[in-house]
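Engineer:
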Amino acid sequence: MVEAAALPTPWQVRFQADDNGGIADTLKAGIGGSAGMRPHELLEASLAACMTISARMALADLGVTGTEVGVRVHLEREESATRFRYELLLAPEIEAHRPVIEERIARSPVRSTLSRPLAFEPA
372 MVEAAALPTP WQVRFQADDN GGIADTLKAG IGGSAGMRPH ELLEASLAAC
422 MTISARMALA DLGVTGTEVG VRVHLEREES ATRFRYELLL APEIEAHRPV
472 IEERIARSPV RSTLSRPLAF EPA
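Taking my numbering, the leading residue of the sequence shown gets 372, the next gets one more, and so forth.
(1) Touch check for the stretch 467 to 482 and the stretch 428 to 435: three-plus C-beta pairs under 8 Å?
(2) How many whole angstroms separate the CB atoms of Q383 and G404, which I take to be in contact at a CB cut-off of 8 Å?
(3) Look up M408 in the DSSP assignment and give the residues it is bridged to.
(4) Checking the sheet assignment: what are the DSSP bridge partners for I321?
(5) Does the count of Cβ pairs from the stretch 437 to 454 and the stretch 412 to 421 closer than 8 Å reach three?
(6) Tell me which same chain residues have a C-beta within less than 6 Å of the C-beta of T397, skipping the five on either side of it?
(7) Looking only at C-alpha atoms, which of R478, R487, H411 and F455 sits nearest to S425?
(8) Please state whether DSSP places E374 in a helix, a strand or coil.
(9) State the start and end residues of the unbroken alpha helix (DSSP H) segment that holds R482.
(10) Per DSSP, what kind of secondary structure is V435 in: helix, strand or coil?
(11) Can you check which of these residues, P463, L446, V373 and M372, is closest to R456 by C-alpha distance?
(12) For R454, which residues of its own chain have a beta-carbon under 6 Å away from its beta-carbon, when the five flanking residues on both sides are left out?
(13) Among P488, V481, P493 and L459, which one has its Cα closest to the Cα of L413?
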């Protein structure tokens with residue numbers, strides 16, 4: 372569970388999950404700032420982080436460690452659909468493992484969660 376609370380600076384929010392936290396911020400009509408990621412960037416970060424962890428786990432299962440791997444995510448908000456575009460970033464020396472890693476990130480927990488129908492309900 373994550374809790375968020377407004378800070379005194381316009382549009383800044385502190386969010387917290389157990390001992391981990393951060394600041395989200397946005398700029399609207401010249402008010403606010405960039406002290407933290409924008410809320411939609413947090414969605415992108417969640418998916419990118421989970422997919423990167425899944426990619427690292429796939430590489431570990433293959434016995435590959437100490438190499439560069441990452442995922443870049445871009446959120447496209449349209450009237451008819453919300454689309455997450457992602458790109459798997461691999462070091463050249465592990466490019467041969469791309470199919471295995473792509474299959475693993477396709478099953479990452481956050482992607483699986485975001486792929487199901489969502490419901491929003493007060494607690």
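Even for Gly, the Cβ is constructed at its ideal location relative to N, Cα and C.
Structural biologist: Taking the definition as stated:
(1) yes
(2) Your pair Q383 and G404 checks out as a contact, with CB atoms roughly 7 Å apart and the cut at 8 Å.
(3) Its beta-bridge partners are A395.
(4) Residue 321 cannot be examined here, being either before or after the span of the chain that is shown, 372 to 494.
(5) yes
(6) W382, G403 and R409
(7) R478
(8) In the structure shown, E374 adopts extended strand secondary structure according to DSSP, grouped into three states.
(9) P480 to S486
(10) coil
(11) L446
(12) E447
(13) Nearest to L413 by C-alpha distance, out of P488, V481, P493 and L459, is V481.
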